[in-house]
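Input: a single structure, listed below in structure tokens.
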Amino acid sequence: MKTQPTYEELQIQLSELQKLYNNLQLEFDLQIKQNEKRTKELLKAKEHAEENEKRFKLLYDNAPLSYQSLDNTTRIIDVNNTWLETMGYEREEVIGRYFREFMTPKSAELIKERFPTFIKNGEIHNYEFEMVRKDGTHFMVSYEGKIGCDEFGQFHHTHCIFSDITHRKQVEEKLNEANEFNQQVINSAQEGFVVYNLNKKYIGWNPYMEELTGIKAADVLGKNPTKVFPFLEGSGILANVEKALKGLKTDIVETSFNITTTNKKGWVVDRIAPLYNHKGKIIGAISTVNDITAQKIAALELVKAKEKAEQSEKYLYTIINNIADPVFVKDDESRMLVVNDAFCKLFQCSKNDVIGKTLAEDVSLEERKNFLKIDKQVLMSGIESINEEPFTLGDNETRTLLTSKKRFINDNGDKFLVGVSHDITSLKIIENDLKIAKEKAEQSDQLKSAFLANMSHEIRTPMNGILGFSELLKNPELSGEKQQQYIHVIEKSGARMLNIINDIIDISKIESGLIELDLKELNINEQLEDIYTFFKPEVEKKSVQFLCNKPLPLEAAIIKTDKEKMYAILTNLVKNAVKFTDKGCIEFGYLIKNEGKNSVLEFYVKDTGIGISKNRLDAIFERFIQADITDKMAHQGAGLGLAISKAYVKMLGGKIWVSSEQKTGSTFYFTIPFKTKDTITNTATELKGIKLNTTNSSEKLKILIVEDDEASDMLLSIAIKDLAKEIIHAKNGIEAVEACKKHEDIDIILMDIQMPVMDGYEATKQIRKFNKKVQIIAQTAFALEGDMEKVMAVGCNNYITKPIKVSELKQMIK
């Protein structure tokens, strides 16, 4: 338990508390006295501030300058009475409005631009604006101002005063107008004005003096004359200045000047007089200066003009010599006065060789007459001439020039001929080539038209035989002999039409670039023997001797070439020989010849037929050319065989030509490279004559005919009737596939290639998926190169081309 303090202890504590209280009372009394003193001082300061404010307000409202205060958006915070009296407004009409509302639009834009700068810099000086009073009158003011900030140093408002400077501006404007007028008078004066001050230094220098001396006013004003123009020392002009400044009579001074810094030289007349102010006091001297240089330096100017003319002439010659086309100038006698380098280069001469000459001595009489005649016409009439002129040069090369000639008359009336030539020889060659090409195109167009007319005849003629004799065969009373005769005519007409169609297809393929080479082994002796055997019956009917020359032994006659194209070339040539030869002899064969390091086989077909005229020896190898022959002697043909042969020979790397004489005969030659068999590996399979895998040639077969054409289907059915035990028909590939699936024992399929819905290629692929044994013979009307490979690739065993020969088809099946 805590012990209670004793009385003595309490007395001591009470005594200490009393001392503390007394000290606090003293401090409090002292603080009261200090606060009373501070309050008196503040009241005194307030009274003083109120007195100052009254005095400032009185001064502010009655100040002779207009005062305004703006916030940071240029709204008016306060204005004094002078501002209101000056502008004609009441205070309530102004406070809170934008300052720019009391300005012209132009000045309003200026205050908009300048106010941010004013705030940033803290002050403005001499800013001029145009104000608008309430009554609409305008007046100019000049502004001075500073910004006021709050206790944090941030912008609070502006303090600005403005003074009306309208009168000052009007006076300045009048003074400026007067000065401008006086300055214009001085500047436009056709004489020099020089003004000196009392120290004889330049204070005036007009444009005439700038032009005369070449020295700008800025380079002379404020300077001593002799420092700028040393030559003035002792010239008399400075002595005249001294007199004028003293009010004495002055003299007229004529002097020369030479300013090295601007290279100006000349002569002037100088007149000097005192310059007085409005009080009649001399304040300087004024000098008038007149240029008299023209009379003094006429001779010098003539020399300069001559030098300039020589320079111009040299410049002109430089330009002329750098012109790529020949340029020349002649006198009225056509003698050369000026020629450029291009002229000398073209005519292979030097300038000394032609100057003073007409060139008539160096050209032919006809050329001379031509250009001299044109020269004379231009010189007489003055009409420009543009003509093509042929010229034979020194190396006997004739070139064509397009020459423009024009007359020129000088101040003395002398006539000159100015000409420019352009060598257009290459253009004339191109023009001539284009003309020839145009003629060839027109000729080709004519030949095509004639060819089409001939084709119409060539196709319609066999068609007439086919349709006509087919009609005659309908006669039931026709004898067997007549029937065979009519059938023979139909077969012959059909073969003729087929040949025409084949020729048209071949030439179309050649012109479209679709022909490709198929190089394989070929025994040329065997091919010649086949051709000989084929044509021999036809030749013997004409009682014409038929010979075949094969110099190589059979085993050595194997070459690398395109068998089909070789056959086509030889067949065309022999066929033509047979066609146009009615008596004598036809011989064909080949010889071995060397052309440099390479050996060639030179084939020939020689006949004793009607021959060919000399002017047509090259033309006969052009396509459609037979259609252009007027005397056809009733020979048949499309006129394409030789064109096809020429194209094939070129593809095989050879050439073809003819030697002929009318009524004597013709010999056609062509060459091909003699490439032997040692580089050839023949992988092709010969399809013609392939034996089909039929079980027994005497056993009848089950045959599927796939054909969309009714006539063709009927022909095939009749042709194979005696070979078939059953014939099944399909009109498209889908039906063929279904028929094979239904009849698994079909022996042979005669497959047409071009059919609707599904063609023969796709049908064969589908059939081979489930039947590998059935024999498929493709039948196609295309008969193009590559057909054999395409049908073999999809799974056919053989193919036959339309029109189908029944005997060939039966042989293929057997």
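Numbering (this note's numbering), first residue to last: 6 to 819. Glycine is no exception: its CB is placed at the ideal position from the N, C-alpha and C atoms. Quick caveat: nothing in here was measured; it's all calculated off a predicted structure.
Three-state class that DSSP yields for residue i in the structure shown
i    : result
P212 : helix
L384 : helix
A329 : coil
T690 : Note that T690 scores a pLDDT of 33, beneath 50, so its modelled location is shaky and nothing firm can be said.
P542 : helix
F585 : helix
G424 : strand
E749 : coil
I379 : helix
Y804 : strand
D83  : strand
I360 : strand
S409 : strand
G271 : strand
L578 : helix
Q195 : coil
Through-space distance from residue j to residue i, alpha-carbon basis
i    : j    : result
E526 : E794 : 18 Å
E1   : T260 : Residue 1 lies beyond the range of the chain shown here (6 to 819); nothing can be said about it.
G101 : M136 : 18 Å
E32  : E41  : 14 Å
V246 : Y148 : 46 Å
G499 : T403 : 60 Å
I710 : N504 : 27 Å
H172 : K151 : 26 Å
I17  : Q39  : 34 Å
S671 : V549 : 15 Å
E743 : I723 : 24 Å
I379 : S355 : 24 Å
L706 : I753 : 7 Å
Q816 : G658 : 38 Å
I809 : C553 : 31 Å
N- and C-terminal bounds of the alpha helix (DSSP H) containing residue i
i    : result
D623 : Premise fails: D623 is in no alpha helix (DSSP H) and is neither H nor E.
Y653 : 646-656
E607 : Careful: E607 lies outside any alpha helix (DSSP H), inside the beta strand (DSSP E) at 603-612.
L5   : In this structure the chain extends from 6 to 819, so residue 5 is not present and cannot be described.
L814 : 811-818
Y766 : 765-773
Q300 : 298-301
T231 : 230-233
CA nearest to the CA of residue i, picked from the options
i    : options                : result
P823 : E543, T669, I661, F376 : Residue 823 cannot be examined here, being either before or after the span of the chain that is shown, 6 to 819.
I291 : R276, K420, K301, K284 : R276
I529 : T566, L237, T669       : T566
G424 : K445, N392, L647, K655 : N392
L557 : I287, G485, Y595       : Y595
A729 : K746, E704, K736, K668 : E704
N469 : I81, G670, I495, L478  : I495
V654 : Y609, Q489, A299, Q175 : Y609
E97  : I82, V146, G418        : I82
I2   : K497, E607, P212       : The question about residue 2 has no answer, for the chain in this structure spans 6 to 819.
T669 : F585, S650, P69        : F585
Q780 : N803, K774, A798, V762 : N803
A648 : K602, G289, I515, E338 : I515
Q667 : H748, G614, F673, D713 : G614
H164 : T79, N776, T267, F186  : T79
For residue i: DSSP bridge partner residues
i    : result
M145 : E135
G150 : I129, C165
F404 : For the sequence presented, residue 404 should be read as Arg rather than Phe. F396.
M756 : V711, A783
I820 : Outside the shown range of the chain, which is 6 to 819, sits residue 820, and nothing can be said about it.
A290 : Y201, P279
P678 : V605
S71  : F167
S671 : D612, S665
N77  : In DSSP, N77 forms no bridge with anything.
Endpoints, beta strand (DSSP E) assigned at residue i
i    : result
D346 : Where D346 is concerned, there is no enclosing beta strand (DSSP E), although the alpha helix (DSSP H) it sits in stretches over 346-352.
K565 : 563-567
T260 : 258-264
K525 : 524-528
K598 : 590-600
Proximity test, Cβ basis, 7 Å: residue i and chain B
i    : result
S431 : Protein chains in the displayed structure number just one, and chain B is not present.
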